[in-house]
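S.K.: Below is the structure I would like to discuss, written out as structure tokens.
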Amino acid sequence: MPRKAPTSIFLIFLCLLLLAFYSLLLSRSAISLSPTHLRFRPRNLTTRYDASDSFNHIIREDINELTHRTRLVTSIQGPVESVSVLLPNWEVLVLVSHDTPLTSNLGVGGFYCFFPRNETSPANFSGVLPFTSATTFKCTLPNRNRRLQPFHQPVLTRFPERETNVISAAPVMPRWDFLAYECFSTETDVVLFVKGVNNRQGINKSPEEFGCVFGNDIKNAVKTPVTSSKQEVFRCRHPNLMELSISPSTTAAAKRIKVSIEINREKLVVPSVAYYTPPRRHMPSNPNPTSLLCATTMVYNVAKFLREWVMYYSKIGVDKFILYDNGSDDDLERVIKELNEEGDYNIERIFWVWPKTQEAGFSHSAVYAKDSCTWMMYVDVDEFIFSPSWLKNSSQPSKTMLKSLLSISSNGSIGQVSIKCNDFGPSDQKEHPAMGVIQGYNCRRQAEQRHKSILLLEAVDHSLLNVIHHFDLNNNHYNWKELPLEAAVINHYKYQAWPEFMTKFRRRVSAFVADWRTRVNPMSKDRTPGLGFQPIKPEGWENMFCDVKDDRLKLWTKKWFGTQTPQGLKMAWQL
């Protein structure tokens, strides 16, 4: 008998513990089924601008300090209202309206994408879209969900264990290859960027086949004619704001106006994450003086190369740099900030998350920068222009050097200047040279390759069509000038040390060039001779593409940018 009392007490305690656990389980289920957690209607992204804002204001790092290591968490305890897009390689882009409160308390924790079948994947902060201020995250579509079609949008949450039944309300997730993704308003029209309509380079459908559609409700949307249809760029007229129930007196307030393209014959509206910004009735005067010469390029993880590129071009005449950042996750933002703080450089970073959109990004730059730049130079961070005459006639670099190549005629008819490239090989380098690419690579191929261009922005054709770094011009007023090799050449450090070159296999940025791993066009000039479809180092890579020893720019930059230190010669970008 004495032994039965402890046993009875233990059984009573165990029953109470099981009852408490069951009650807790029921309470969590009730929370997860509450109406606030069941809501999953993608919120329209918002563009706001005040009277003090510049037209189509862009978010800058030095203003908002929204980097890859901040703005990571939210004060919302339930699922975050969002809209998602399926990108290549099973990557999911999640966009969150800037209305959603965000903090920078890194200790709170991260986000997850919650998918059907109760599968999750980490949602990593990607960046803030400049023209809608939408916060973006990226996650990976789980393997089992790749067999569930159509794909449904995930729930963005910090607590995936609470979202068991939320996913049933999720809409279908649009795919990247058929999407309206960006919009820019000029004073006279709307420039809309759409993927999946004009799919083949050089074959563009007629503008009459489309219409621009403005509004969140397709039944009450306003339509305007499309005036141009080239590549991924469509231009159309502004909508009547009164028809959108927006009075002129309220256009400076928050507006959520979705915009897309309708394929008239199919009566099909392309899915869209693009939002329209109404034009101002009176354009503000530009607070900053126009730069005569700017440079733009699309970049990904180029932090280690940027200082050399910026410092070189600043010395010979580039006034401003505009970088379209294609989702970098290295120290690019830090390097940009440091260069800007040094005071001699003007670098603007535009977060351009959209994959394989180099041509569209360049088209965007031609309208975006028109009020701040007269000429725009389109060269990559591994490309350096120089003139052989500089080596003979100049003792120091000068900001007039590049501008002298433009050779503006008295009647101002030159709208684009093109310069041919010399492609350099690995030059026996096995890793990134500490002194930079100019000093590290000095052996190149014999034949000159494709050209790159410096463009007069007011000369660009209305269509904004561009191919391989050059644009169609308004031929009624402007001509295209190609410089001979003795006048100017570009050193293109294309085939670098293998650890650097193999990163190219991630993805090609051009919309019309096959990715390295895609088994098509093996003989294309966009491919590397002797290299297949996989990042497998060819035997003898270090000595490939070496027909001519060319030290001209190496010696010139060593003289102008080199400094003797106790540790030996250092280039300016190393200090």
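Read in order, the letters of the sequence shown correspond to residues 3 to 577 in this note's numbering. Glycine included, C-beta positions come from ideal geometry on N, C-alpha and C. Values in this document were obtained by computation on a predicted structure and should not be read as measured data.
1. I need the boundaries of the alpha helix (DSSP H) containing Val192, first residue and last residue.
2. May I have the straight-line CA-CA distance separating Gln536 from Lys506, to the nearest angstrom?
3. Below 8 Å on the Cβ atoms is my contact criterion, and I expect Cys214 with Lys232 to pass it. Report the Cβ-Cβ distance as a whole number of Å.
4. Contact check, Ser374 vs Thr279 under 8 Å by CB: the rounded distance?
5. The alpha helix (DSSP H) that contains Phe307, what's its start and end?
6. From this set, Lys269, Glu541 and Phe116, which residue's C-alpha is nearest Ala172's C-alpha?
7. Compare the C-alpha of Leu353 against each of Pro81, Phe139 and Ala574 and name the closest.
8. Within its chain, find whatever has a CB closer than 7 Å to the CB of Gln435; leave out the 5 residues flanking it on each side and keep chain order.
9. Suppose you measure from the CA of Gly329 to the CA of Leu131; what does that come to, to the nearest Å?
10. To the nearest angstrom, how far is the alpha carbon of Asp179 from that of Leu95?
11. From the DSSP output, in three-state form, read off Tyr370 for me.
12. Lys197: which of Val235, Phe212 and Arg160 sits nearest, CA to CA?
13. Over what stretch of residues does the alpha helix (DSSP H) that includes Gln451 continue unbroken?
14. Using the three-state DSSP reduction, which class does Asn444 fall into: helix, strand or coil?
15. Using CA coordinates, which residue listed in Gly204, Glu544 and Thr559 is at the minimum distance from Lys432?
16. Indicate whether the contact test is met: 3 or more Cβ pairs, each with one atom in the segment 332-346 and one in the segment 267-275, closer than 8 Å.
17. Could you tell me whether the segment 371-385 touches the segment 295-310, where touching means 3 or more Cβ pairs closer than 8 Å?
18. Take the Cβ of Ala223 as the centre, count every other Cβ of all protein chains shown within 10 Å, and call the residue buried at 16 or more, exposed below.
19. Assign Pro568 to one of three DSSP states: helix, strand, or coil.
20. Output the boundary residues of the alpha helix (DSSP H) element that contains Phe558.
21. Start and end of the beta strand (DSSP E) containing Phe353?
22. Quick one: grab the DSSP three-state call for Ala461.
23. If you draw a straight line from the alpha carbon of Asn66 to that of Leu158, how long is it in whole angstroms?
24. Skipping 5 residues on each side, what residues in its chain have a beta carbon closer than 8 Å to that of Asp552?
25. So who's on the other strand from Cys423, going by DSSP bridges?
26. I'd like the span of the alpha helix (DSSP H) that includes Met403, first residue to last.
27. By the three-class DSSP mapping on this structure, what secondary structure does Gly363 have?
28. Could you give the distance in angstroms between the alpha-carbon of His240 and the alpha-carbon of Ser465?
29. Ends of the alpha helix (DSSP H) at Ile338?
30. Hey, Val85 and Leu97: beta-carbon distance below 8 Å or not?
31. If you drop the 5 nearest sequence neighbours on each side, which residues of the same chain put their C-beta closer than 6 Å to that of Ile318?
32. Quick one: what's got a C-beta closer than 8 Å to Leu270's C-beta in the same chain, skipping five residues either side?
M.R.: Put simply:
1. Working through the sequence shown from its first residue, we reach residue 192 at position 190. Run containing Val192: none in the alpha helix (DSSP H); it sits in the beta strand (DSSP E), Val192 to Lys197.
2. Position 534 of the sequence shown, counted from the first residue, corresponds to residue 536. Position 504 of the sequence shown, counted from the first residue, corresponds to residue 506. The alpha-carbon atoms of Gln536 and Lys506 are separated by roughly 11 Å.
3. Your numbering for residue 214 matches position 212 in the sequence shown. Your numbering for residue 232 matches position 230 in the sequence shown. The distance from the Cβ of Cys214 to that of Lys232 is about 15 Å, inconsistent with a contact at the 8 Å cut-off.
4. In the sequence shown, counting from the first residue as 1, residue 374 sits at position 372. In the sequence shown, counting from the first residue as 1, residue 279 sits at position 277. Incorrect: roughly 18 Å between the Cβ atoms, too far for contact.
5. Residue mapping note: residue 307 aligns to position 305 of the sequence shown, counting from 1. Run containing Phe307: Ala305 to Ile318, per the alpha helix (DSSP H) assignment.
6. Within the sequence shown, residue 172 is the residue found at index 170, counting from 1. Nearest to Ala172 by alpha-carbon distance, out of Lys269, Glu541 and Phe116, is Phe116.
7. Counting from one through the sequence shown, the residue named residue 353 turns up at place 351. According to the sequence provided, residue 353 is Phe. The question's Leu does not apply to it. Nearest of Pro81, Phe139 and Ala574 to Phe353, Cα basis: Phe139.
8. Indexing the sequence shown from 1 puts residue 435 at position 433. In the sequence as displayed, the identity of residue 435 is Pro instead of Gln. If we look at Pro435 and ignore the five residues flanking it on each side, its Cβ neighbours are Gln441 and Gly442.
9. On the sequence shown, residue 329 is found 327 positions in, with the first residue counted as 1. On the sequence shown, residue 131 is found 129 positions in, with the first residue counted as 1. Going from the Cα of Gly329 to the Cα of Leu131 covers about 11 Å.
10. Here residue 179 is taken as the residue at index 177 of the sequence shown, counted from 1. Here residue 95 is taken as the residue at index 93 of the sequence shown, counted from 1. A straight-line Cα-Cα distance of about 13 Å links Asp179 and Leu95.
11. By 1-based counting over the sequence shown, the position of residue 370 is 368. Reduced to three states, the DSSP call for Tyr370 is helix.
12. Reading the sequence shown from its first residue, position 195 is the one you call residue 197. The shortest C-alpha to C-alpha distance from Lys197 to any of Val235, Phe212 and Arg160 is the one to Val235.
13. Counting from one through the sequence shown, the residue named residue 451 turns up at place 449. Counting along the chain, Gln451 falls outside any alpha helix (DSSP H), though it belongs to the beta strand (DSSP E) covering Gln451 to Leu458.
14. Translated into positions along the sequence shown, residue 444 becomes position 442. DSSP places Asn444 in coil when its eight states are reduced to three.
15. Position 430 of the sequence shown, counted from the start, is the residue given in the question as residue 432. A check of alpha carbon separations from Lys432 across Gly204, Glu544 and Thr559 identifies Glu544 as the nearest.
16. no
17. Result yes; three or more Cβ-Cβ pairs closer than 8 Å.
18. Taking the first residue of the sequence shown as position 1, residue 223 is located at position 221. Burial call: buried.
19. One-based indexing of the sequence shown puts residue 568 at position 566. Reduced to three states, the DSSP call for Pro568 is coil.
20. To locate residue 558, count along the sequence shown from 1; it is residue 556. According to the sequence displayed, residue 558 carries Trp and not Phe. Looking at the DSSP string, the run of the alpha helix (DSSP H) that includes Trp558 is Arg554 to Phe563.
21. Here residue 353 is taken as the residue at index 351 of the sequence shown, counted from 1. Element bounds for Phe353: Ile349 to Phe353.
22. Locating residue 461 in the sequence shown gives position 459, where the first residue counts as 1. If DSSP states are grouped into helix, strand and coil, Ala461 belongs with the helices.
23. Counting from 1 along the sequence shown, the entry for residue 66 is found at position 64. Counting from 1 along the sequence shown, the entry for residue 158 is found at position 156. Since pLDDT at Asn66 reaches only 36, below the 50 mark, its modelled position is unreliable, and no value is offered.
24. As a first step, residue 552 must be located in the sequence shown, where it is residue number 550. Only Asn424, Phe426, Asn444, Cys445, Arg446 and Asn493 meet the Cβ criterion.
25. Here residue 423 refers to the residue found at position 421 when the sequence shown is read from its first residue. Looking at the DSSP assignment, Cys423 forms a beta bridge with Gln451 and Ile492.
26. Stepping through the sequence shown from its first residue, residue 403 is reached at position 401. Taken as a continuous stretch (DSSP letters only), the alpha helix (DSSP H) holding Met403 covers Met403 to Leu407.
27. The count along the sequence shown starts at 1 and reaches residue 363 at position 361. Three-state DSSP puts Gly363 in a helix.
28. What you label residue 240 is simply residue 238 of the sequence shown in a count that begins at 1. What you label residue 465 is simply residue 463 of the sequence shown in a count that begins at 1. Their Cα atoms are separated by approximately 16 Å.
29. In the sequence shown, the residue the question calls residue 338 occupies position 336. Counting along the chain, the alpha helix (DSSP H) containing Ile338 begins and ends at Leu334 to Glu343.
30. Position 83 of the sequence shown, counted from the start, is the residue given in the question as residue 85. Position 95 of the sequence shown, counted from the start, is the residue given in the question as residue 97. Cβ distance < 8 Å, so Val85 and Leu97 count as in contact.
31. Here residue 318 refers to the residue found at position 316 when the sequence shown is read from its first residue. Correct list, in chain order: Pro399, Met403 and Leu404.
32. Within the sequence shown, residue 270 is the residue found at index 268, counting from 1. Same-chain partners within the cutoff: Glu264.
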